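S.K.:
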Amino acid sequence: MSIQNVQLNAARRPADIRAVRSIAMISSYVPRACGIATFTCDLVRALAAESPSTRTAVVALNDIVDSYDYPPEVEFQIAESTLADYRRAAEYLNTNGIEVACLQHEYGLFGGVGGDHIIKLIRELRMPVVATLHSILQEPSPVQKRVLCDIADVCARLVTMTETGRRFLREIYDVPDERIVVIPHGVPDTPFLDSEYYKDQLGFSGRTVILTFGLLSPGKGIETLINALPRIAEKHPDVLYVVLGATHPKLKRQQGETYRHELQRLSRRLGVDDRVVFHDRFVELHELCEYLGAADVYVTPYLSRNQITSGTLAYAMATGKAIVSTPYWHAEEALADGRGRLFPFGDADALAEAVIAMLSDDDARNEMRHRAYAYARSHVWKEVARRYLTLFDDVRRQPPRRARYTAPTLRSGASLLPELKTVHLQRMTDDVGMLQHAIYNIPRREDGYCVDDNARALLVTYMLRPHTDDTAPLVELGKRYLSFTRHAFNPETRRFRNFMSYDRRWLEDRGSEDSHARALWALGVTVAEADDEEDRTLARELMLAALPGIADVEYPRAAAHVVLGLHAFLNYAADHDGAVQTRDRHAESILNRFREAAEPDWYWLEDRLTYSNATIPHALIVSGAARGSSEMLETGLRALTWLTQLQMDDDHFVPIGNRGWYVRGQTRARYDQQPI
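Read left to right, the sequence shown gives residues 1122 to 1797 (my numbering).
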């Protein structure tokens, strides 16, 4: 451990800390139902208790169109998908005397690709920034890694709540150890109490209570414990499983209570519905502590190892609970040395055995409870607040890590993109699907519909979702485009029809190779990214039915579209051999064309450039990376570099024109460009 972290972990007494006059928290905030909002509120209150003279201003992230009813400390609000709001927030903090900014970072909290809008804000700040990282992924996507590395580049310090997080930051993200600080998740200061007192208050008298709490969503693994209940009940007939927490707001807006209803049906099917209690609400701290107090065993059956921090686990340890958990990163570290018991992900039998053993040995269970409670005593909010105050005092004394803030000019301000709008997309869509063409901004009904454009539109609905606060219109449009694509499929030919007249008559039995391939691309992305399980299932069934219709491909763009669709599909169904083989065959066919045709001054697979050119190197890049083929990856990157340079003019993107395209050795077309 570095000297710096020893000092921080010791936490100087308040009298030793020269009070930071003003702090800004950039985060979601209560009353928003969000774990990070709760964490930030608890931290703000703890800072106020330890340093009453310090002003803490909150910049709150909104995930809804209307604002929340925020408390007074919220001084500025950001619509999470509106880039201009981030710049305005930076201007506000720079002109309001803030000495240190503290970013609470979680990928899903901010707008942009991978949540990269937040980079715009923190790069514009004059004061030092400290980032508390609530997610640190062991296997990040390229975008996720870039975002976190950009945050690390700007921030004076990165706070992680576990030693595992420190190791990941060093080894995966190349962050120097001296800029990493470990400060544990704060917890309430509660006494070590007997559970029977709270059982009487909550109506659980005479029951052995197992508790899970937190915002409800798939991935929390609640079904694992429900599947384990029949075995647990055989040994402990008085067992009661309490699931405490509201459905995650974003999930509820998209799917309603589908997941909760699935769990309830599972409980009835297994005959344990009299042993499962769902409390569907976001509880305040005092009520949460009462439920924790009543629990005999606390279980976190999460399905993913990637959770580097769990506030629910921290709170359970603080109240001295006997804990059974899957081995996600935080649990593996916190429950070591006899402070809890781990079981494999999704293994209901192993979970049942662990709970039965724990409930059958009172002495061992109580010893585990005391170890967990003792471990968490140094994590109470009072101690955590002192560590943050020490950290804030340290970073404000140090010189900035980056160039000083410069005031925005008209030119720099012009780089901010306007808010995305879907007005024209909706105007071009009727109850059938996406119409083909418009005259000015008015749909041309006489041109009818095609599966090609509906597949493009389906892709767009998924591309736009990270950039908007309200995804409901996009979800509805996506269903309409998916419905059109399904209707276009001809099971006799195993191909998609393409053109449909405005009076809803198909104009052919078999569409083009290109339109069929583009439909497969859109279906693959739907399989990979759909939140609605019914959308995913339909897209998967349709894609597998349509794959035989494109066994052999003549045109390279169609091959690229198939590869991109299968690449997305395999992100969800990695072990599907047929999909892997088809992707590899088409990717190899593209590579062979480059081997035969590409030359240094014309690094392309044919003698002309038309439309949708970048999909070809894109297909090589993703396939080369997935297969570990350096030749394929390097060919894709070289082709993309050549194509990019060719289509840039004075720092502007100039795609190939539609009227004549660009034939090698001839004049390129400049107009009627289609940057698709």
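Note that the Cβ used here is the ideal one computed from N, Cα and C, for glycine as well. Quick caveat: nothing in here was measured; it's all calculated off a predicted structure.
#1: Does Ser-1751 pass the burial test, meaning 16 or more other C-beta atoms within 10 Å, or should it be called exposed?
#2: In angstroms with no decimal places, state the Cα-to-Cα distance between Val-1544 and Thr-1756.
#3: Is the beta carbon of Ala-1367 closer than 8 Å to that of Ala-1435?
#4: Look at the alpha carbon of Ile-1219 and the alpha carbon of Ile-1147, and state the distance between them as a whole number of angstroms.
#5: What residues match up with Glu-1720 in a beta bridge as DSSP calls it?
#6: Quick check: what's the CA-CA separation for Leu-1603 versus Asp-1574?
#7: Given a cut-off of 8 Å on the beta-carbon distance, is the pair Ala-1416 and Leu-1337 in contact?
#8: For the alpha helix (DSSP H) holding Phe-1334, just list the boundary residues, first then last.
#9: Return the CA-CA distance between Ala-1649 and Ala-1694, expressed in angstroms with no decimal places.
#10: State buried or exposed for Glu-1662, treating a residue as buried only when at least 16 other CB atoms are found within 10 Å of its CB.
#11: How many angstroms separate the CA atom of Glu-1408 from the CA atom of Leu-1314?
#12: Quick one: is Leu-1406 buried, meaning 16 or more other Cβ sit within 10 Å of its Cβ, or exposed?
#13: If we count Cβ pairs, one from each stretch, closer than 8 Å, do we get three or more for the segment 1503-1512 versus the segment 1449-1458?
#14: Which residue from Thr-1161, Val-1251, Val-1784 puts its Cα closest to that of Phe-1513?
#15: Could you give the distance in angstroms between the alpha-carbon of Thr-1788 and the alpha-carbon of Ser-1636?
#16: Please confirm if the segment 1204-1215 is in contact with the segment 1226-1244, defined as three or more CB-CB distances below 8 Å between the two stretches.
#17: Does His-1400 come within less than 8 Å of chain C when only Cβ atoms are used?
#18: Do His-1682 and Leu-1641 count as a contact pair if the criterion is CB distance below 8 Å?
#19: With distance defined between alpha-carbon atoms, name the residue in Met-1489, Gly-1441, Val-1151, Cys-1276 nearest to Arg-1517.
#20: Glu-1454 and Glu-1284 look like a contact to me (Cβ under 8 Å); what is the Cβ gap, rounded to whole Å?
#21: Determine the extent of the beta strand (DSSP E) in which Gln-1557 is found, giving its start and end residues.
#22: So is Lys-1444 buried or exposed if we call it buried at 16+ other beta carbons inside 10 Å?
#23: Within the same chain, show all residues whose beta-carbon is closer than 6 Å to that of Ala-1679, passing over the 5 residues directly before and after it, in chain order.
#24: For Met-1438, which of helix, strand or coil comes out of DSSP?
#25: I need the straight-line Cα distance from Leu-1767 to Gln-1265, nearest angstrom please.
#26: Using the Cβ count rule (16 or more neighbours within 10 Å means buried), how would you classify Tyr-1792?
#27: For Met-1549, count the other beta carbons within 10 Å of its own beta carbon; 16 or more makes it buried, fewer makes it exposed. Which is it?
#28: If you reduce the DSSP assignment to three classes, tell me which class Arg-1785 lands in.
#29: Which of the three DSSP states is assigned to Met-1489 in this structure?
#30: Report, in whole angstroms, the separation of the C-beta atoms of His-1688 and Ser-1744, which I expect to be a contact under 8 Å.
#31: Leaving out five residues before and five after Val-1165 in sequence, what residues of the same chain have Cβ atoms less than 8 Å from its Cβ?
#32: When you compare the CB positions of Asp-1420 and Ser-1446, do they come within less than 8 Å of one another, or not?
#33: Can you give me the C-alpha to C-alpha distance between Gln-1385 and Leu-1480, rounded to a whole angstrom?
#34: Quick check: the segment 1711-1729 against the segment 1664-1673, are there 3 or more CB pairs under 8 Å?
#35: Can you name the start and end residues of the alpha helix (DSSP H) that Tyr-1380 belongs to?
#36: Checking 8 Å against the spacing of the C-beta atoms, do Ile-1711 and Leu-1726 come in under that value?
M.R.: Taking the structure as given:
#1: Exposed is the call here.
#2: Near 39 Å, if we compare the C-alpha coordinates of Thr-1756 and Val-1544.
#3: Cβ atoms of Ala-1435 and Ala-1367: not closer than 8 Å.
#4: Taking the straight line from one Cα to the other gives about 12 Å.
#5: BP columns for Glu-1720 point to Trp-1723.
#6: Between Leu-1603 and Asp-1574, the C-alpha separation is close to 12 Å.
#7: Not a contact, by the Cβ cut-off of 8 Å.
#8: For Phe-1334, there is no enclosing alpha helix (DSSP H); the enclosing beta strand (DSSP E) covers residues 1329-1334.
#9: So the two alpha carbons sit approximately 8 Å from each other.
#10: Classification for Glu-1662: exposed.
#11: Just so you know, the alpha carbons of Glu-1408 and Leu-1314 end up roughly 15 Å apart.
#12: Residue environment analysis places Leu-1406 among the exposed positions, since fewer than 16 neighbouring C-beta atoms fall within 10 angstroms of its C-beta.
#13: Judged by pairs of C-beta atoms under 8 Å, the segment 1503-1512 does not touch the segment 1449-1458, as fewer than three such pairs exist.
#14: Distances from the CA of Phe-1513 to each of Thr-1161, Val-1251, Val-1784 were compared; the closest alpha carbon is that of Val-1251.
#15: Spanning the alpha carbons of Thr-1788 and Ser-1636 requires a straight line of approximately 28 Å.
#16: Yes, since at least three Cβ pairs between the segment 1204-1215 and the segment 1226-1244 fall closer than 8 Å, the two stretches touch.
#17: Going by chain labels, chain C is absent from the structure shown, which holds only one protein chain.
#18: Remark: C-beta atoms of Leu-1641 and His-1682 approach each other more closely than 8 Å.
#19: Of Met-1489, Gly-1441, Val-1151, Cys-1276, the residue nearest in Cα terms is Cys-1276.
#20: Indeed, because the Cβ distance is near 6 Å, the residues count as touching under 8 Å.
#21: Run containing Gln-1557: 1556-1560, per the beta strand (DSSP E) assignment.
#22: According to the sequence displayed, residue 1444 carries Ile and not Lys. Buried, since its Cβ has 16 or more Cβ neighbours within 10 Å.
#23: Answer for Ala-1679: Glu-1634, Asp-1635, Ala-1638, listed in chain order.
#24: Here Met-1438 sits in helix by DSSP.
#25: Leu-1767 and Gln-1265 have their C-alpha atoms some 29 Å from each other.
#26: Counting Cβ neighbours within 10 Å, Tyr-1792 comes out exposed, since fewer than 16 surround it.
#27: By the 10 Å Cβ count, Met-1549 comes out buried.
#28: Arg-1785: coil per DSSP, three-state reduction.
#29: DSSP places Met-1489 in helix when its eight states are reduced to three.
#30: The distance from the Cβ of His-1688 to that of Ser-1744 is about 7 Å, consistent with a contact at the 8 Å cut-off.
#31: Excluding positions up to five away in sequence, the list reads Met-1146, Thr-1177, Val-1179, Glu-1194.
#32: Looking at the sequence itself, residue 1420 is Val, so the reference to Asp does not match. Between Val-1420 and Ser-1446, the C-beta spacing is below 8 Å.
#33: Taking C-alpha positions only, Gln-1385 is separated from Leu-1480 by approximately 25 Å.
#34: At 8 Å Cβ cutoff, the stretches do not touch.
#35: From DSSP, the alpha helix (DSSP H) with Tyr-1380 extends over 1379-1390.
#36: Taking 8 Å as the Cβ cut-off, Ile-1711 and Leu-1726 qualify as a contacting pair.
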